[in-house]
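Below you'll find the structure, written out as structure tokens, and then a few comments.
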Amino acid sequence: MFVKILLIYLFVTGIICDIEMNLTRTLLNADVYDKSIRPALNHRDVTNVSFDLSLAQLIDVDEKNQIITTNQWITMIWRDPKLRWNPLDWDNVSLLHIKYDKVWLPDIVLYN
Numbered sequence: 137m138f139v140k141i142l143l144i145y146l147f148v149t150g151i152i153c154d155i156e157m158n159l160t161r162t163l164l165n166a167d168v169y170d171k172s173i174r175p176a177l178n179h180r181d182v183t184n185v186s187f188d189l190s191l192a193q194l195i196d197v198d199e200k201n202q203i204i205t206t207n208q209w210i211t212m213i214w215r216d217p218k219l220r221w222n223p224l225d226w227d228n229v230s231l232l233h234i235k236y237d238k239v240w241l242p243d244i245v246l247y248n
């Protein structure tokens with residue numbers, strides 16, 4: 137019985153992975169998506185990017201030279217209208233995990 141359940145689970149998981157892989161390929165198709173272009177349907181549209189800076193670790197405090205060394209996490213959130221799909225067309229897949237180097241990223245320089 138356990139083997140049957142395991143095989144069914146692996147089969148269903150494989151189908152879902154295939155759907156997600158096909159959806160990712162469709163969305164990131166080079167003819168449709170260019171990660172070097174700002175995510176907007178119209179060049180006049182604004183791309184709002186929200187930033188969150190979180191202190192992860194305080195490494196060193198040099199009081200004499202007034203220098204603090206830290207590790208920080210930067211979270212950036214924006215909407216990319218070119219990466220939309222109808223979940224009903226993709227077997228109810230409503231969330232994808234795509235590596236950061238495959239999508240547009242805002243250019244940031246952090247000065248203190």
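Going by our numbering, 241 is the number at position 105 of the sequence shown; the sequence numbering is gapless. In this text, a Cβ means the ideal position worked out from N, Cα and C, and glycines have one as well.
Query                                                                                                                                 : Result
In this structure, does DSSP put Asn-207 in helix, strand or coil?                                                                    : strand
Considering only C-alpha positions, which residue in the set Trp-226, Trp-240 and Asp-237 is nearest to Thr-162?                      : Trp-226
With a CB to CB cut of under 7 Å and the five nearest residues on each side skipped, what residues in its chain are close to Asn-207? : Ala-192, Gln-193 and Ile-195
Between the stretch 178-192 and the stretch 228-236, do three or more beta carbon pairs fall short of 8 Å?                            : no
With distances taken from CA atoms, which of Val-168, Leu-189 and Lys-238 is nearest Asn-247?                                         : Checking the sequence, you will find Tyr at residue 247 rather than Asn. Nearest option by C-alpha distance: Leu-189.
Where are the beta strand (DSSP E) runs, 3 residues long or more, that stay fully inside the stretch 196-242, in chain order?         : 203-213
Between the alpha carbons of Asn-158 and Pro-217, how many angstroms are there, rounded?                                              : 19 Å
Taking C-beta to C-beta, are Trp-221 and Ile-173 nearer than 8 Å?                                                                     : no
Tell me, which residues are paired with Asp-188 by DSSP?                                                                              : Thr-211
Beta carbon of Lys-238, beta carbon of Leu-177: below 8 Å?                                                                            : no
Assuming contact is defined by CB atoms lying nearer than 8 Å, are Pro-242 and Met-212 in contact in what I supplied?                 : yes
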